[in-house]
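*Asks:*
Residue numbers (the numbering used here): 641 to 725.
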């Protein structure tokens with residue numbers, strides 16, 4: 641298994657990840673934390689709208705819609721299974 645860090649807007653449909661960092665000011669971080677999005681929180685990408693539209697994630701059984709600009713500032717750690725040859 642390979643551990644990867646990427647921005648939330650780069651996750652694939654249905655992919656699970658864990659929030660590891662935020663690239664933004666204290667106000668943005670507090671707003672995300674108020675919605676349940678904190679460091680160490682597992683999340684799943686449910687939808688990503690084309691042409692810079694919003695992303696929909698699942699956090700603790702709740703759907704949250706984030707604008708693409710905010711999603712670019714959330715860093716997640718994902719695991720991908722790779723076949724060793």
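Positions of the beta carbon are idealized from the N, C-alpha and C atoms, including for glycine.
For residue 689, which three-state DSSP category applies?
*Replies:* In the chain shown, the residue the question calls residue 689 occupies position 49. DSSP places residue 689 in coil when its eight states are reduced to three.
*Asks:* Rounded to whole angstroms, what's the CA-CA distance from residue 668 to residue 660? Just pull it up for me.
*Replies:* On the chain shown, residue 668 is found 28 positions in, with the first residue counted as 1. On the chain shown, residue 660 is found 20 positions in, with the first residue counted as 1. So the alpha carbons of these two residues sit roughly 15 Å apart.
*Asks:* Under DSSP, the beta strand (DSSP E) around residue 657 begins and ends at which residues?
*Replies:* Here the question's residue 657 lines up with position 17 in the chain shown. First-last of the beta strand (DSSP E) with residue 657: 656-662.
*Asks:* For residue 722 and residue 652, what's the separation of their Cα atoms in angstroms?
*Replies:* Counted from its first residue, the chain shown places residue 722 at position 82. Counted from its first residue, the chain shown places residue 652 at position 12. Confidence in residue 722 is poor, its pLDDT being 49 and thus under 50, which makes the residue's placement too unreliable to answer from.
*Asks:* Going by Cα to Cα distance, which pick from 679, 663, 644 is closest to residue 712?
*Replies:* Within the chain shown, numbered from 1, the residue matching residue 712 stands at position 72. Nearest of 679, 663, 644 to residue 712, Cα basis: 663.
*Asks:* Excluding five sequence neighbours on each side, which residues of the same chain lie with their C-beta closer than 7 Å to the C-beta of residue 694?
*Replies:* For the purposes of this step, residue 694 is taken as the residue at position 54 of the chain shown. The answer, listed in chain order, is 705, 706, 707, 708.
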